[in-house]
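K.L.:
Following this message is one structure expressed as structure tokens.
Chains as they are written, first to last, in this note's numbering: chain A, 1 to 340; chain B, 1001 to 1340.
As structure tokens, this is what we get:
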């Protein structure tokens, strides 16, 4: 670490101080032979069709129960790449840092990124650091971009949900959103709420190597499950019907949401996936999800339908415990800014 | 465009408003079939070894003579990928936006990105937008990541400069840095100073398809030519000797730097490259650079040497017009924060 306990502006100059920051912090925690070359770009080997995704992280607070902005930035981008039925291989990381940031906090975040990358089996091969004068941003923003090899053809897509398909969910909804909100507001629930943030690439790989005909994979992040289902219904031109009671929600999250007037179906998740498979594969897919440590609470939550009667393509219907059906719309407005 | 003339917080929610922003702005200006699929990741085809690079942009002001933060974000990442002797193919763009940003300004920036991408022959295939509450950042930050196919083997690298090699520069130094500084400070020079920001991939391709044994390519951005030369000297374990008088500097930039007490060798450039080739290829390489519209002022500025006598590997020597030699160090401190 540098001698100063606060990040100085010249760490973003591109000169001497930038080189020290890279050597003392990024090369230390992201250690890998591709990054160590330190050219303008990383030289990689990839074969076949690839998936590429990018995601910016501005979460507030930057450290929260279950993770921090660094681990979240790795998990989030690993997951987006994996949702195309791909094996994530390489990440890049762009840091925008506020002058005066506590160096110990920065190292905690960078170390968590390095650990999350190793756990997910990806390498952080290129990066960039900018430092803006105090006040030009709030502490730290990270943008990660990931690339990986697509393992199945055709790849899972939001456009491939077909009438009759089963809709599965890998676990409970709302944990990340409520963890961030309760930390930010200083709320203490009896059971602490912990973010679910995790890399799902292992879960995806165990699923698609056995059942390559997974039609759709998507992680319900910002906007929550309701928004993700609406996106898929629109992209595929179908109706999605889900059973409210079948959607797993941790009791503490349900209680917290009830207390705060929030709907867990609109809260962000950072370690869960939605999976749409042909009916014939539904039981097998559910068993595969449940056999994985990150899928223990997996459940079948609904079915894809043709538009018929009063329903229209692109709609999501929620069947309530009393037997009614109501439209589940996409998120309107903003529930929780800076949730990820 | 959306009806509101100011960016609202819910444009970053992931819900309805985010989808409108994507459709009305990003899909409109970045239009391409890969992006239009709108899955969590883009599906790409790449063959052979690839180059990948990322860069964050926080330049202030966001619009400046010669470009804006959007065009700069495309040029900067296209250039980093090209410096590995690669043909840039795909970009991703992560936007972090401040609530209340003028939508017309945002559209100007996004339109400039789309145009710069088309001009450079790259597609913006994936993106992400976060909106932070007013005050959490200053207007707009963009992080771009690029990937492209490496055209030559071995690829140019900072590690490949060899004693005897010629050091060429594609044009004048300091234009971008001085353009930003003078705009920020409201200085009006007699000859307006314009940023050189441009995509260099065409120039690189014309060079390496004719002379595949280019040893090193690098664009001297933050930290300027002096810092870039120091990086290469260190990476290759050589001494770089350059002639001060041979380094092209636009007369208006020289005058402005003299007035402000700045050294153009430490100012950022965003449309210039440094090129190190075997002596036998030097004349041909220089002719190729000069034949390209972005290389009209190209010049040979020096030679790579073995460390000998008092010189040590990693040093850069500047031969002054009076015949003296002095060490040209890496940038110390921070000359101009938020230069790119």
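Glycine included, C-beta positions come from ideal geometry on N, C-alpha and C. Computed from a prediction, not measured in an experiment: that's the story for all the values here.
Short of 7 Å in beta carbon distance, which residues of its chain neighbour residue 340 of chain A, apart from the five on each side in sequence? Order them along the chain.
P.N.:
Sequence index remark: in the first chain, residue 340 of chain A carries index 340 (1-based). Cβ within range, chain order: 57, 59, 72, 76, 221, 222, 268 and 270.
K.L.:
Against residue 1044 of chain B, what residues of chain A qualify as contacts under a CB-to-CB distance less than 8 Å, listed in chain order?
P.N.:
As a working mapping, residue 1044 of chain B is identified with position 44 in the second chain. Near residue 1044 of chain B (Cβ distances below 8 Å), the residues of chain A are 49, 50, 51 and 52.
K.L.:
Mind checking whether residue 85 of chain A and residue 208 of chain A have CB atoms under 8 Å apart?
P.N.:
Working through the first chain from its first residue, we reach residue 85 of chain A at position 85. Working through the first chain from its first residue, we reach residue 208 of chain A at position 208. Closer than 8 Å, so yes.
K.L.:
Among the residues of its own chain, which have a CB less than 6 Å from the CB of residue 125 of chain A, if the five just before and after it don't count?
P.N.:
For the purposes of this step, residue 125 of chain A is taken as residue 125 along the first chain, with counting starting at 1. Closer than 6 Å at the Cβ level, and outside the excluded window around residue 125 of chain A, lie 34, 35, 42 and 90.
K.L.:
Would the C-beta of residue 325 of chain A count as close to the ligand GTP, meaning under 7 Å from any of its heavy atoms?
P.N.:
This structure simply doesn't include the ligand GTP, nor any ligand for that matter.
K.L.:
What separation, rounded to the nearest whole angstrom, lies between the Cα atoms of residue 1186 of chain B and residue 249 of chain A?
P.N.:
Counting from one through the second chain, the residue named residue 1186 of chain B turns up at place 186. Counting from one through the first chain, the residue named residue 249 of chain A turns up at place 249. Straight-line Cα distance between these residues: approximately 56 Å.
K.L.:
Could you tell me which of B:1064, B:1157 and B:1032 sits nearest to residue 39 of chain A, measuring between CA atoms?
P.N.:
If you number the first chain from 1, residue 39 of chain A lands on position 39. The shortest Cα separation from residue 39 of chain A among B:1064, B:1157 and B:1032 belongs to B:1157.
K.L.:
Taking 8 Å as the cut-off, does the segment 1285–1294 of chain B touch the segment 1137–1150 of chain B (at least 3 CB pairs, one atom from each stretch)?
P.N.:
Contact fails: fewer than three Cβ-Cβ distances are below 8 Å.
K.L.:
What residue range is occupied by the uninterrupted alpha helix (DSSP H) comprising residue 1135 of chain B?
P.N.:
Position 135 of the second chain, counted from the first residue, corresponds to residue 1135 of chain B. From DSSP, residue 1135 of chain B is part of no alpha helix (DSSP H); its letter is neither H nor E.
K.L.:
Show which residues of chain B have a CB atom less than 9 Å away from the CB atom of residue 158 of chain A.
P.N.:
On the first chain, position 158 is the one that residue 158 of chain A refers to. Within 9 Å Cβ-Cβ: 1037, 1038, 1039 and 1040.
K.L.:
When Cβ atoms are compared, which residues of the segment 134–152 of chain A fall closer than 7 Å to chain B?
P.N.:
Here the close residues are 136, 137, 138, 141, 143, 145, 147 and 150.
K.L.:
Got a sec, what are the start and stop residues for the beta strand (DSSP E) residue 141 of chain A sits in?
P.N.:
In the first chain, residue 141 of chain A corresponds to position 141, counting from 1. Residue 141 of chain A -> beta strand (DSSP E) spans 140–150.
K.L.:
Can you tell me which residues form a DSSP beta bridge with residue 1086 of chain B?
P.N.:
Position 86 of the second chain, counting from 1, holds the residue named residue 1086 of chain B. DSSP output for residue 1086 of chain B lists B:1150 as bridge partner(s).
K.L.:
Mind checking which residues open and close the alpha helix (DSSP H) that includes residue 1103 of chain B?
P.N.:
Within the second chain, the letter at position 103 stands for residue 1103 of chain B. It spans 1103–1120 - the alpha helix (DSSP H) in which residue 1103 of chain B sits, taken as one unbroken run.
K.L.:
At 7 Å on the CB atoms, spell out the chain B contacts of residue 15 of chain A, in chain order.
P.N.:
Position 15 of the first chain, counted from the first residue, corresponds to residue 15 of chain A. Correct list: 1223, 1227, 1330, 1331 and 1332.
K.L.:
Can you find a C-beta in chain A that's less than 8 Å from the C-beta of residue 1022 of chain B?
P.N.:
Reading the second chain from its first residue, position 22 is the one you call residue 1022 of chain B. With 8 Å as the cut-off, residue 1022 of chain B does not count as an interface residue toward chain A.
K.L.:
By the criterion of Cβ-Cβ separation under 7 Å, what are the contact partners of residue 1119 of chain B in chain A?
P.N.:
What you label residue 1119 of chain B is simply residue 119 of the second chain in a count that begins at 1. Correct list: empty, because the minimum Cβ distance to chain A is about 20 Å.
K.L.:
Could you name the residues of chain B that residue 183 of chain A contacts, counting a contact when the two beta carbons are closer than 8 Å?
P.N.:
Walking along the first chain from the start, residue 183 of chain A turns up at place 183. Those do not exist, as residue 183 of chain A stays about 17 Å from chain B at its closest Cβ, beyond 8 Å.
K.L.:
Measuring only the C-alpha atoms, how far is residue 1184 of chain B from residue 336 of chain A?
P.N.:
Within the second chain, numbered from 1, the residue matching residue 1184 of chain B stands at position 184. Within the first chain, numbered from 1, the residue matching residue 336 of chain A stands at position 336. Their backbone Cα atoms lie some 35 Å apart in a straight line.
K.L.:
What does the Cβ neighbour count give for residue 327 of chain A, buried or exposed, with the cut at 16 atoms within 10 Å?
P.N.:
In the first chain, counting from the first residue as 1, residue 327 of chain A sits at position 327. It is exposed - the Cβ of residue 327 of chain A has fewer than 16 other Cβ atoms within 10 Å.
K.L.:
Say whether chain D places a C-beta atom closer than 8 Å to the C-beta of residue 1080 of chain B.
P.N.:
Here chain D cannot be found, since the structure's protein chains are A and B.
K.L.:
Just the chain B side, please: which residues come within less than 7 Å of residue 125 of chain A by C-beta, in chain order?
P.N.:
Taking the first chain and counting its residues from 1, the one referred to as residue 125 of chain A is at position 125. The contacting residues are 1052.
K.L.:
So, are the CB atoms of residue 80 of chain A and residue 55 of chain A less than 8 Å apart?
P.N.:
Start at 1 with the first residue of the first chain, and residue 80 of chain A comes out as number 80. Start at 1 with the first residue of the first chain, and residue 55 of chain A comes out as number 55. Going by C-beta atoms, residue 80 of chain A is nearer than 8 Å to residue 55 of chain A.
K.L.:
Who are residue 1240 of chain B's beta bridge partners in DSSP?
P.N.:
As a working note, residue 1240 of chain B is residue 240 in the second chain. Residue 1240 of chain B is bridged to B:1304 and B:1316.
K.L.:
One question on the structure: do residue 1216 of chain B and residue 1161 of chain B come within less than 8 Å of each other, judged by their Cβ atoms?
P.N.:
Along the second chain, one-based indexing puts residue 1216 of chain B at 216. Along the second chain, one-based indexing puts residue 1161 of chain B at 161. Cβ distance < 8 Å, so residue 1216 of chain B and residue 1161 of chain B count as in contact.
K.L.:
How many Å lie between residue 1303 of chain B and residue 149 of chain A at the Cα?
P.N.:
As a first step, residue 1303 of chain B must be located in the second chain, where it is residue number 303. As a first step, residue 149 of chain A must be located in the first chain, where it is residue number 149. Each residue's Cα considered, the two are about 42 Å apart.
K.L.:
What would DSSP say about residue 1227 of chain B, mapped onto helix, strand or coil?
P.N.:
What you label residue 1227 of chain B is simply residue 227 of the second chain in a count that begins at 1. Residue 1227 of chain B falls in the helix class under three-state DSSP.
K.L.:
Tell me which residues share the same chain as residue 1334 of chain B and place their Cβ nearer than 7 Å to its Cβ, disregarding the 5 neighbours each side in the sequence.
P.N.:
Your numbering for residue 1334 of chain B matches position 334 in the second chain. For residue 1334 of chain B, where only same-chain residues beyond five positions count, there are no Cβ hits under 7 Å.
K.L.:
Using a Cβ-Cβ distance cut-off of 8 Å, determine whether residue 1192 of chain B contacts chain A.
P.N.:
Translated into positions along the second chain, residue 1192 of chain B becomes position 192. Not one chain A Cβ lies under 8 Å of residue 1192 of chain B.
K.L.:
When you compare the segment 239–253 of chain A with the segment 165–179 of chain A, are there three or more beta-carbon pairs, one atom per stretch, that lie closer than 8 Å?
P.N.:
In short, these stretches touch, since the Cβ pair count reaches three.
K.L.:
With DSSP collapsed to three states, give me the class of residue 1030 of chain B.
P.N.:
Stepping through the second chain from its first residue, residue 1030 of chain B is reached at position 30. In this structure, residue 1030 of chain B counts as helix in the three-state DSSP scheme.
K.L.:
Under three-state DSSP, which class holds residue 1335 of chain B?
P.N.:
Translated into positions along the second chain, residue 1335 of chain B becomes position 335. Of the three classes helix, strand and coil, the one that applies to residue 1335 of chain B here is coil, per DSSP.
K.L.:
For a contact defined as C-beta to C-beta under 8 Å, what are the partners of residue 83 of chain A on chain B?
P.N.:
Working through the first chain from its first residue, we reach residue 83 of chain A at position 83. Simply 1039, 1040 and 1041.
K.L.:
Measure the alpha-carbon distance for residue 1312 of chain B versus residue 1154 of chain B and round it to whole angstroms.
P.N.:
Residue 1312 of chain B sits at position 312 when you count from the first residue of the second chain. Residue 1154 of chain B sits at position 154 when you count from the first residue of the second chain. Roughly 27 Å separates the two Cα atoms.
K.L.:
Alpha carbons only, please: which of B:1202, B:1074, B:1069 and B:1016 is nearest the one belonging to residue 970 of chain B?
P.N.:
No answer is possible for residue 970 of chain B: it lies beyond the span of chain B, which begins at 1001 and ends at 1340.
K.L.:
Pop quiz: residue 97 of chain A and residue 27 of chain A are said to be a contact at Cβ under 8 Å. What is the actual Cβ separation, rounded to whole angstroms?
P.N.:
Counted from its first residue, the first chain places residue 97 of chain A at position 97. Counted from its first residue, the first chain places residue 27 of chain A at position 27. At roughly 17 Å, the Cβ-Cβ gap does not stay under 8 Å, so residue 97 of chain A and residue 27 of chain A are not in contact.
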